[in-house]
Amino acid sequence: MSGTIYIKQADKDQLRKVLEDNKYTSHTVTKYLESLEIEMERADVKDSDQIADKFIAMNSKVLLSVDGEEEEIILVYPKDADARNNKISVLSPIGTAILGYCEGSIIEWKIPDGIATIEIKKVIGEPG
Numbered sequence: 016m017s018g019t020i021y022i023k024q025a026d027k028d029q030l031r032k033v034l035e036d037n038k039y040t041s042h043t044v045t046k047y048l049e050s051l052e053i054e055m056e057r058a059d060v061k062d063s064d065q066i067a068d069k070f071i072a073m074n075s076k077v078l079l080s081v082d083g084e085e086e087e088i089i090l091v092y093p094k095d096a097d098a099r100n101n102k103i104s105v106l107s108p109i110g111t112a113i114l115g116y117c118e119g120s121i122i123e124w125k126i127p128d129g130i131a132t133i134e135i136k137k138v139i140g141e142p143g
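For the sequence shown, my numbering begins at 16 and goes up steadily by one.
Encoded structure:
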């Protein structure tokens, strides 16, 4: 967790609903909710037209390197998550880690297997 992150106001509003809807879930999910809430609190919230396309927003398609392995993902809300189609939930450790960061950012983030080094190689697609 370092550097400034930017979140669109519309995304923050929707993510608040996700937090509220999931607050009475299992302990494991609660840990991820807490991580997301911390990231949202430290984010600089802007209107959509004030955030450049190189920043990761909800529904962004992104090329990442996680511990040296490249993967292309789409950051989605939990209800839209589908690992087979590389749609990664914002409640997953990687999803929470990348929200609001820009191309070129390198993030150290706690995942179930330890600490991952995540490099944001490219924001490929416009949020939809």
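Glycine residues also receive a C-beta, built at the ideal position from the N, C-alpha and C atoms.
As for any beta strand (DSSP E) of minimum length 3 sitting wholly inside the segment 73–123, the runs are 76–81, 84–91 and 102–104, ordered along the chain. Take Ile113, set aside five residues on each side of it, and the residues of its chain with a beta-carbon closer than 6 Å to its own are Ile71, in chain order.
Around the beta carbon of Glu87, fewer than 16 other beta carbons lie within 10 angstroms, which makes this residue exposed.
Straight-line measurement puts the Cα of Asp128 at about 23 Å from the Cα of Gly115. Secondary structure at Ile53: helix, using DSSP grouped into helix, strand and coil.
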